[in-house]
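Novice:
Chains as they are written, first to last, in this note's numbering: chain Y, 1 to 261; chain B, 1001 to 1228.
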């Protein structure tokens, strides 16, 4: 096995990186893939909470890097999905506790054991972000359909190009089709028009996401909600499948018939 | 004992330390430098370092590798000085300075220089947020200039794409400088000492040229120019 390392980054905070990492990891694991997610947000860890694994943390990422435990000991196995693991971040340290080359070494060790390593990058473009992208084979850039988030995504894509980590793939999160229709929100086309990168996912706004995060039960565990389906689709696209975008389904039947002509 | 002193020269400057690397293969230089740092980690810790790499041609992986190694040792690499254009470009791509003195875009400070008409910098777009192009002559961009990107040119600026960022043409006082774009919707436009923001646009998108007319910054559709 040689794992693919996928980092999820955004620049701006609060756009849904951590939620997406949890859901993409769950979606991949539910498709029989062996997945380890790594929380790169040292000092402000969240991924454990969203995955519902908070109370099982014994060792963390910094313990592995500093040699206080073996890699295996820090990998928390998800009880719902036996092929899903989490390496949590340390909460009592900061971003400087690890370095880009530490991440490369860690991922190289992990690569032999799993199919996918999904890294949750902290917000910002400083040390934590540099750590998170150091080992990445692929970077997913998250944004929301709003001007400030798109601006930060643009900056991040520029840095990824400069560091030769590109081309980035874009995930547009929290899209509200009704608002777009009223002209109150940037559309997918508006965002792509500015960022000019490959689109790998569109996740609709869905209040179930918040409920799921609070419960530690990622949506993608059951593919019933729209957002859960969207994350499943991202996982399938990562695995190389061609999957049409959900967005099209929000058009009504009449529009679709007209569009087909 | 070893030849590291001749490979590495360290000098204190106003902005921190200036380290000049001698001539040797890049991995040798890096190893020698890192060894030197490790031997005197308390001296180097927290230092701001400018690196003179001479004529070494360095790519992103090499330069970012050294930057990361230094950052692990608590050293901030902020500038790379080089005689090689390739290395300079690499450093700029990584957001590092390539000159020691901070550039001061003081338009009145310098006398307007007559630049040869063909002195232009060719930039492949898109220029994304955070990108900064600073050039004494004309600048031509193939692609969009996104919000948050900045072009400061001594001469004119031509954007074959959408201009949504900030452009300062004639930054050293040249009032004849112009700015052209296929779609002119800049965050802010400056020519010489005049500043303007783009009005809310309606109607069809068309190429425009901005210039100074009687001290006013105006933008006009490209079609009309030939007829006036």
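Beta carbons: idealized from backbone N, C-alpha and C, even for Gly.
Does residue 1170/B come out as helix, strand or coil in the three-state DSSP assignment?
Specialist: For the purposes of this step, residue 1170/B is taken as residue 170 along the second chain, with counting starting at 1. Here residue 1170/B sits in coil by DSSP.
Novice: Cβ atoms of residue 119/Y and residue 132/Y: under 7 Å apart, would you say?
Specialist: On the first chain, residue 132/Y is found 132 positions in, with the first residue counted as 1. On the first chain, residue 119/Y is found 119 positions in, with the first residue counted as 1. In this structure, residue 119/Y lies closer than 7 Å to residue 132/Y by Cβ.
Novice: I want to verify the contact list: residues of chain Y whose CB lies under 7 Å from the CB of residue 1170/B, in sequence order.
Specialist: Numbered from its first residue, the second chain carries residue 1170/B at position 170. Result: empty, since nearest Cβ-Cβ is about 26 Å, beyond 7 Å.
Novice: What is the rounded straight-line gap between the Cα of residue 977/B and the Cα of residue 1158/B?
Specialist: Any answer about residue 977/B is impossible in this case: the structure gives chain B only from 1001 up to 1228.
Novice: Let me confirm a value: residue 1/Y is counted as buried when at least 16 other C-beta atoms fall within 10 Å, else exposed. Which label applies?
Specialist: Taking the first residue of the first chain as position 1, residue 1/Y is located at position 1. Flag for residue 1/Y reads exposed.
Novice: Here's a check: name, in chain order, each residue in its chain whose Cβ is nearer than 6 Å to the Cβ of residue 1051/B, leaving out the five neighbours to either side.
Specialist: The residue labelled residue 1051/B in the question sits at position 51 within the second chain. Excluding sequence neighbours, residue 1051/B sits near 1019 and 1080.
Novice: Please report the straight-line C-alpha distance between residue 1201/B and residue 1192/B, rounded to a whole angstrom.
Specialist: The count along the second chain starts at 1 and reaches residue 1201/B at position 201. The count along the second chain starts at 1 and reaches residue 1192/B at position 192. Distance between the alpha carbons of residue 1201/B and residue 1192/B: 24 Å.
Novice: Return no unless some Cβ of chain B is closer than 7 Å to the Cβ of residue 154/Y.
Specialist: Counting from one through the first chain, the residue named residue 154/Y turns up at place 154. Residue 154/Y counts as touching chain B.
Novice: Going by CA-CA distance only, name the one from 190/Y, 229/Y and 90/Y that's closest to residue 204/Y.
Specialist: Counting from one through the first chain, the residue named residue 204/Y turns up at place 204. Closest by alpha carbon: 229/Y.
Novice: Is the separation between the beta-carbon of residue 1007/B and that of residue 1024/B shorter than 7 Å?
Specialist: If you number the second chain from 1, residue 1007/B lands on position 7. If you number the second chain from 1, residue 1024/B lands on position 24. Closer than 7 Å, so yes.
Novice: What are the start and end residues of the alpha helix (DSSP H) that includes residue 1065/B?
Specialist: Walking along the second chain from the start, residue 1065/B turns up at place 65. Looking at the DSSP string, the run of the alpha helix (DSSP H) that includes residue 1065/B is 1060-1072.
Novice: Do the segment 131-150 of chain Y and the segment 54-70 of chain Y make contact, defined as three or more Cβ pairs closer than 8 Å?
Specialist: The segment 131-150 of chain Y, when compared against the segment 54-70 of chain Y, does not touch it at the 8 Å Cβ threshold.
Novice: Shorter than 7 Å from the beta carbon of residue 100/Y to some beta carbon of chain B?
Specialist: The count along the first chain starts at 1 and reaches residue 100/Y at position 100. Closer than 7 Å to some Cβ of chain B, the Cβ of residue 100/Y qualifies, so yes.
Novice: Whose C-alpha, out of 1053/B, 1171/B, 1141/B and 1194/B, is nearest the C-alpha of residue 1033/B?
Specialist: Along the second chain, one-based indexing puts residue 1033/B at 33. The candidate whose alpha carbon is nearest that of residue 1033/B is 1053/B.
Novice: Check whether the segment 162-172 of chain Y touches the segment 205-223 of chain Y, taking contact to mean three or more Cβ pairs, one atom from each stretch, closer than 8 Å.
Specialist: They do not touch, by the three-pair rule.
Novice: Tell me the residue span of the alpha helix (DSSP H) that contains residue 214/Y.
Specialist: Translated into positions along the first chain, residue 214/Y becomes position 214. Its alpha helix (DSSP H) spans residues 208-215.
Novice: How about residue 1096/B: is its C-beta nearer than 7 Å to some C-beta of chain Y?
Specialist: On the second chain, position 96 is the one that residue 1096/B refers to. Not closer than 7 Å to any Cβ of chain Y, the Cβ of residue 1096/B fails to qualify, so no.
Novice: Can you tell me where the alpha helix (DSSP H) with residue 237/Y in it begins and where it stops?
Specialist: Within the first chain, the letter at position 237 stands for residue 237/Y. Taken as a continuous stretch (DSSP letters only), the alpha helix (DSSP H) holding residue 237/Y covers 226-238.
Novice: Find the residues of chain B that neighbour residue 158/Y, judging by a C-beta separation of less than 7 Å, and give them in chain order.
Specialist: Within the first chain, residue 158/Y is the residue found at index 158, counting from 1. Per Cβ cutoff of 7 Å: 1128, 1129, 1130 and 1131.
Novice: Alpha carbon to alpha carbon, what distance is there between residue 1155/B and residue 1110/B?
Specialist: Against the second chain, residue 1110/B aligns to sequence position 110. Against the second chain, residue 1155/B aligns to sequence position 155. Here the model assigns residue 1110/B a pLDDT of 46, short of 50, so the residue's position is not dependable and the matter cannot be decided.
Novice: Mapping DSSP to helix, strand and coil, what is residue 996/B?
Specialist: Limits of chain B in this structure are 1001 at one end and 1228 at the other, which puts residue 996/B out of reach.
Novice: Taking DSSP as the reference, what is the three-state secondary structure of residue 1109/B?
Specialist: Here residue 1109/B is taken as the residue at index 109 of the second chain, counted from 1. Residue placement at residue 1109/B cannot be trusted, given a pLDDT of 43 that sits under 50; what the coordinates show is reported in the next sentence. DSSP places residue 1109/B in coil when its eight states are reduced to three.
Novice: Ends of the beta strand (DSSP E) at residue 195/Y?
Specialist: On the first chain, residue 195/Y is found 195 positions in, with the first residue counted as 1. That residue, residue 195/Y, is in no beta strand (DSSP E); its alpha helix (DSSP H) goes 188-195.
Novice: Taking a cut of 9 Å between CB atoms, which residues from the segment 1139-1153 of chain B lie near chain Y?
Specialist: Per Cβ criterion, the list reads 1143, 1144, 1146, 1147, 1148 and 1149.
Novice: Starting from residue 107/Y, trace the alpha helix (DSSP H) in both directions and tell me its first and last residue.
Specialist: The residue labelled residue 107/Y in the question sits at position 107 within the first chain. That run of the alpha helix (DSSP H) goes 100-111.
Novice: What residues match up with residue 280/Y in a beta bridge as DSSP calls it?
Specialist: Because residue 280/Y is not part of the residues shown, which for chain Y are 1 to 261, the question remains open.
Novice: Residue 115/Y and residue 88/Y - do their beta-carbons sit closer together than 7 Å?
Specialist: Translated into positions along the first chain, residue 88/Y becomes position 88. Translated into positions along the first chain, residue 115/Y becomes position 115. No, Cβ-Cβ distance for residue 88/Y and residue 115/Y is not below 7 Å.
Novice: Residues of the segment 1042-1068 of chain B with a CB closer than 8 Å to any CB of chain Y: list them in chain order, please.
Specialist: Per Cβ criterion, the list reads 1060, 1061, 1064 and 1068.
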